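K.L.:
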Amino acid sequence: MAYMAGRPILILKEGTRRSRGREARRSNMLAARIIAEALKSTLGPRGMDKMLIDSLGDITVTNDGATILDEIDVEHPAAKMMIEVAKAQDDEVGDGTTTAVVLAGELLKEAEELLEQNIHPSIIVDGYRKAAEKALEALEKIAIDVDLEDRETLMKIVTTAMRSKAVSLAREHLGNIAIDAVKQIVEERDGEIIADVDNIQIIKKEGKSLEESELVKGIIIDKEVVHPGMPKRVENAKIALINCPLEIEKTEFDAEIRIRSPEAIKAFLDQETEMLRKMVERIKNAGANVVFCQKGIDDIAQHFLAKEGILAVRRVKKSDMEKLSRATGGKIITNLADLKEEDLGRAELVEERKVGEDKMVFVEGCKDPKSVSILIRAGLERMMDEAERTMNDALYVVSDIFELPKMVPGGGAIEMEMAKAVRAYARQVGGREQLAIEAFANALEVIPKTLAENAGHDVIDTMVALRAAHEKEDGFAMGVNVYEGGIADMLEKGVVEPMAVKMQVIKSAVEVASMILRIDDVVAASPHKEEETGGETESMEY
10 MAYMAGRPIL
20 ILKEGTRRSR
30 GREARRSNML
40 AARIIAEALK
50 STLGPRGMDK
60 MLIDSLGDIT
70 VTNDGATILD
80 EIDVEHPAAK
90 MMIEVAKAQD
100 DEVGDGTTTA
110 VVLAGELLKE
120 AEELLEQNIH
130 PSIIVDGYRK
140 AAEKALEALE
150 KIAIDVDLED
160 RETLMKIVTT
170 AMRSKAVSLA
180 REHLGNIAID
190 AVKQIVEERD
200 GEIIADVDNI
210 QIIKKEGKSL
220 EESELVKGII
230 IDKEVVHPGM
240 PKRVENAKIA
250 LINCPLEIEK
260 TEFDAEIRIR
270 SPEAIKAFLD
280 QETEMLRKMV
290 ERIKNAGANV
300 VFCQKGIDDI
310 AQHFLAKEGI
320 LAVRRVKKSD
330 MEKLSRATGG
340 KIITNLADLK
350 EEDLGRAELV
360 EERKVGEDKM
370 VFVEGCKDPK
380 SVSILIRAGL
390 ERMMDEAERT
400 MNDALYVVSD
410 IFELPKMVPG
420 GGAIEMEMAK
430 AVRAYARQVG
440 GREQLAIEAF
450 ANALEVIPKT
460 LAENAGHDVI
470 DTMVALRAAH
480 EKEDGFAMGV
490 NVYEGGIADM
500 LEKGVVEPMA
510 VKMQVIKSAV
520 EVASMILRID
530 DVVAASPHKE
540 EETGGETESM
550 EY
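In this note's numbering, the protein residues as written are 10 to 551.
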């Protein structure tokens, strides 16, 4: 509302709320910091879990940052921005979501103190960006090259990512599966190594134990063989991948067929049968003994396929068809007339097996599959879900290392080393920006502080010991020893993380903190009113 010549002028719709300046900034920063505080207690191997119950009563128990933020339903726009950061971190590198959110929250906390000293948000944002560049420089200097053939080092990186999870007791077994899976699907494109985790299929079935989870060098199709007369096991399989229905197609427009005699009905049905028989004949002539069809398979076609001893599965998902193609080397055919022997995929064994209560088709023994499957087993549904989340983190961490083979010490060591480099840089800058750069260095220290706090150790003693250790030239790997207290050399302890994860953490945290700091005006439209009937709001009960 503005006033001109003493008369109010309405610009915004009735019910619109507006907050400006310090009030708007404080509200946004508080909302973002609340999200960070909610995640803080989950950080590290001694972090606690959260139990999330949705509107339907489904329960999720996890300490995975991305999952927690995905499950909680927030209203505040600044809080939503923090959740987007966690999603971006998860999509990009698959790990470090909690670290990114906690660091962003701490950057905002430090910024709040600077704003109280009347330092302009633009100066703080510029200072943060310069500090982030310096932190990334320090990160690259400290990073250690990783030999991709050194399985022991890869295992250390994977187990570090899994150590804080509920399934950490089985981390050795799950870690080996993750390394083998990524090694199998890694490929070179235009001189770059690409490890696309989407080519790894994760299937989970309740029953047995985590230790009985397995890697299948092929694909698992969560379907059963369509006809009881078909073989349930085919060795030396030649696989046809078909993306067209093995059915008589219905006409696109209404058609009427006039049949005046029983012979005509028989001829009509015989013609349909003949067409289906010819379809099956084409498959047989191409040499296929296994068929995976993305569409439906007619009952009569099933009969002919069974008669020829061909194993068939119908209504296979598109994503599974693509994975089958990558695993077996077969081409997906959209027209049966084009099916040739060279289009068929190969596998040593295709077999229907009963897993838990369900029947599934396993395609195993592919020569050099560029798509593989991981079958996760656990005795409890909640544990199985957590194992899937943990496996996703492990796969992403290994793929990060293959795409950028550099690692850094964990346990808060790298954050302390970056904070040291940023503080040294701040002294060279001077002016008000120096305060923002120093605030960035203070914010970086929230990670080792939180690790010590969550482990129940004395935070002040730990931080004093860490700062003293990092002043020495050979102390760059000293981090928080969460199990025994005090500090320890993280490289000796085998606590290492991919450099790619830490790079993305810094970029994500600075981006969201800068965006929230720059907002000084919030205009919120009024929510939609519920339709009113007869002056009263209509309500329904179920």
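Positions of the beta carbon are idealized from the N, C-alpha and C atoms, including for glycine.
As the structure is a prediction and not an experimental result, all values here were calculated from the model.
Return the chain-ordered list of same chain residues with a C-beta closer than 6 Å to the C-beta of Ala435, the five sequence neighbours on each side being excluded.
P.N.:
Position 426 of the sequence shown, counted from the start, is the residue given in the question as residue 435. Closer than 6 Å at Cβ, skipping near neighbours: Gln443, Ile446, Glu447.
K.L.:
Please give the ranges of any alpha helix (DSSP H) in the stretch 128-206, keeping only runs that are unbroken, at least 4 residues long and fully inside the region.
P.N.:
Qualifying alpha helix (DSSP H) stretches, in chain order: 130-151, 160-171, 180-194.
K.L.:
For Met164, which residues of its own chain have a beta-carbon under 8 Å away from its beta-carbon, when the five flanking residues on both sides are left out?
P.N.:
Mapped onto the sequence shown, residue 164 falls at position 155. Glu181, Gly184, Asn185, Ile188.
K.L.:
Going by other Cβ atoms of all chains shown within 10 Å of its Cβ, with 16 needed for buried, is Ala40 buried or exposed?
P.N.:
Numbered from its first residue, the sequence shown carries residue 40 at position 31. It counts as buried.
K.L.:
So for Leu52, helix, strand or coil by DSSP?
P.N.:
Indexing the sequence shown from 1 puts residue 52 at position 43. Leu52: coil per DSSP, three-state reduction.
K.L.:
Whose C-alpha, out of Ala396, Phe449, Ile525, Ala497, is nearest the C-alpha of Ile212?
P.N.:
Here residue 212 refers to the residue found at position 203 when the sequence shown is read from its first residue. Ranking the options by Cα distance to Ile212, first place goes to Ala396.
K.L.:
According to DSSP, is Thr106 helix, strand or coil?
P.N.:
Here residue 106 is taken as the residue at index 97 of the sequence shown, counted from 1. Helix.
K.L.:
What's the call for Lys576, buried or exposed, on a 16-neighbour Cβ count within 10 Å?
P.N.:
Only positions 10 to 551 of the chain appear in the structure, and residue 576 is not among them; the question remains open.
K.L.:
Asn294: which of Leu389, Ala249, Glu480 sits nearest, CA to CA?
P.N.:
On the sequence shown, position 285 is the one that residue 294 refers to. Comparing Cα positions, the closest option is Ala249.
K.L.:
Residues in the same chain with beta-carbon distance under 7 Å from Lys118, minus the five sequence neighbours each way, listed in chain order, please.
P.N.:
The residue given as residue 118 occupies position 109 in the sequence shown. Answer for Lys118: Arg42, listed in chain order.
K.L.:
Just list the residues that DSSP pairs Asp367 with in beta bridges.
P.N.:
As a working note, residue 367 is residue 358 in the sequence shown. Val364, per the DSSP bridge assignment.
K.L.:
If we count the other Cβ atoms within 10 Å of its Cβ and call it buried at 16 or more, is Asn37 buried or exposed?
P.N.:
Here residue 37 corresponds to residue number 28 of the sequence shown, with the count starting at 1. Answer is buried; the Cβ neighbour count reaches 16.
K.L.:
DSSP state of Asp530, grouped into three classes?
P.N.:
Along the sequence shown, read from residue 1 onward, the residue named residue 530 stands at position 521. Correct three-state label for Asp530: strand.
K.L.:
Buried or exposed for Ser334, going by 16 or more other Cβ atoms inside 10 Å?
P.N.:
In the sequence shown, residue 334 corresponds to position 325, counting from 1. Classification of Ser334: buried, given that the 10 Å Cβ count is 16 or more.
K.L.:
Do you know offhand how far Phe485's Cα is from Ile151's?
P.N.:
Walking along the sequence shown from the start, residue 485 turns up at place 476. Walking along the sequence shown from the start, residue 151 turns up at place 142. Near 8 Å, if we compare the C-alpha coordinates of Ile151 and Phe485.
K.L.:
Within 8 Å, do at least three Cβ pairs link the stretch 388-405 to the stretch 347-359?
P.N.:
No: the two stretches stay apart, fewer than three of their Cβ pairs being nearer than 8 Å.
K.L.:
Check this for me: beta carbons of Pro418 and Val155, under 9 Å apart or not?
P.N.:
By 1-based counting over the sequence shown, the position of residue 418 is 409. By 1-based counting over the sequence shown, the position of residue 155 is 146. Cβ distance not < 9 Å, so Pro418 and Val155 don't count as in contact.
K.L.:
To the nearest angstrom, how far is the alpha carbon of Asp135 from that of Asp367?
P.N.:
Within the sequence shown, the letter at position 126 stands for residue 135. Within the sequence shown, the letter at position 358 stands for residue 367. Distance between the alpha carbons of Asp135 and Asp367 is about 57 Å.
K.L.:
Taking 9 Å as the threshold (C-beta atoms), are Asp73 and Arg398 in contact?
P.N.:
For this step, residue 398 is matched to residue 389 along the sequence shown. For this step, residue 73 is matched to residue 64 along the sequence shown. Their beta carbons are under 9 Å apart, which means Arg398 touches Asp73 by this criterion.
K.L.:
Is the Cβ-Cβ distance between Val406 and Ala109 less than 9 Å?
P.N.:
By one-based count along the sequence shown, residue 406 stands at place 397. By one-based count along the sequence shown, residue 109 stands at place 100. No, Cβ-Cβ distance for Val406 and Ala109 is not below 9 Å.
K.L.:
On the three-state DSSP scale, how would you describe Met57?
P.N.:
Stepping through the sequence shown from its first residue, residue 57 is reached at position 48. Met57 falls in the coil class under three-state DSSP.
K.L.:
Please state if the CB of Leu348 and the CB of Ile251 are separated by a distance shorter than 9 Å.
P.N.:
By 1-based counting over the sequence shown, the position of residue 251 is 242. By 1-based counting over the sequence shown, the position of residue 348 is 339. Going by C-beta atoms, Ile251 is nearer than 9 Å to Leu348.
K.L.:
Going by DSSP, what residue range makes up the alpha helix (DSSP H) through Met595?
P.N.:
No answer is possible for residue 595: it lies beyond the span of the chain, which begins at 10 and ends at 551.
K.L.:
Can the beta-carbon of Ala175 be found less than 9 Å from the beta-carbon of Val70?
P.N.:
Position 166 of the sequence shown, counting from 1, holds the residue named residue 175. Position 61 of the sequence shown, counting from 1, holds the residue named residue 70. For Ala175 and Val70, yes; Cβs fall inside 9 Å.
K.L.:
Out of Val206, Glu115, Pro54, Asn298, state which residue places its alpha-carbon closest to the alpha-carbon of Ser177.
P.N.:
Position 168 of the sequence shown, counting from 1, holds the residue named residue 177. Among Val206, Glu115, Pro54, Asn298, the Cα nearest to that of Ser177 is on Pro54.
K.L.:
For Ala95, which of Ala45, His85, Lys59 has the nearest alpha-carbon?
P.N.:
Here residue 95 refers to the residue found at position 86 of the sequence shown. Ranking Ala45, His85, Lys59 by Cα distance to Ala95 puts Ala45 first.
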